[in-house]
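Down below is the structure, laid out as structure tokens.
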Amino acid sequence: MAIFMNKKTLFLILAFTFLVSSCGGRLPSTTRSQHLIQHYFKKYAKKYPETIYGQNKLKKVEIENREEIRKHFVSVEAYIVLEDGNLRKIYATLEKKSLGWKFFSWEDATGL
Numbered sequence: 721m722a723i724f725m726n727k728k729t730l731f732l733i734l735a736f737t738f739l740v741s742s743c744g745g746r747l748p749s750t751t752r753s754q755h756l757i758q759h760y761f762k763k764y765a766k767k768y769p770e771t772i773y774g775q776n777k778l779k780k781v782e783i784e785n786r787e788e789i790r791k792h793f794v795s796v797e798a799y800i801v802l803e804d805g806n807l808r809k810i811y812a813t814l815e816k817k818s819l820g821w822k823f824f825s826w827e828d829a830t831g832l
């Protein structure tokens, strides 16, 4: 049959496709990490208006470092810039779920 390739060629194409698709996505992109952190802290500010994040709006998030803790977990070191000029350093953990990356936990590195 002219439509089907021989078994060896078909196997090589399927193996290559599987290997290429399984290697990607171990770390979220910088923009995805920024979006996840920004989204979380906007919700956090609404829930806890008495905190520094609730009193001052979030201006931007700057990602300093991303590092894989283990499979499906990534540690992100980021700076949060608030509207009043405050700069807060945080450590966030992101988890890869079946439908994408989710914010898992965070720690305030400034200690205030």
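Count along the sequence shown starting at 1, add 720, and that's the number in the numbering used here. Ideal Cβ positions, reconstructed from N, Cα and C, are used throughout, including at glycine.
Asked	Found
Any 3 or more C-beta pairs closer than 8 Å across the region 779-799 and the region 753-767	yes
Residues near Y773 in its chain [Cβ-Cβ closer than 6 Å; skip 5 each side]	F761, Y764 and A765
Cβ-Cβ distance between Y811 and E827 below 7 Å	yes
Residues sharing a beta bridge with D804, DSSP	Looking at the DSSP assignment, D804 forms no beta bridge with any residue, so it has no partner.
With 16 other Cβ atoms within 10 Å as the buried cut-off, status of S753	buried
Start-to-end residues for the beta strand (DSSP E) that takes in L778	L778 to R790
Span of the beta strand (DSSP E), counted from its first residue to its last, around S825	G820 to D828
Buried versus exposed, by CB contacts within 10 Å (16 or more), A829	exposed
is_contact[V794, chain B] using C-beta, thresh 7 Å	Among the chains of the structure shown, chain B does not appear; only one protein chain is present.
Secondary structure of L732, DSSP reduced to three states	helix
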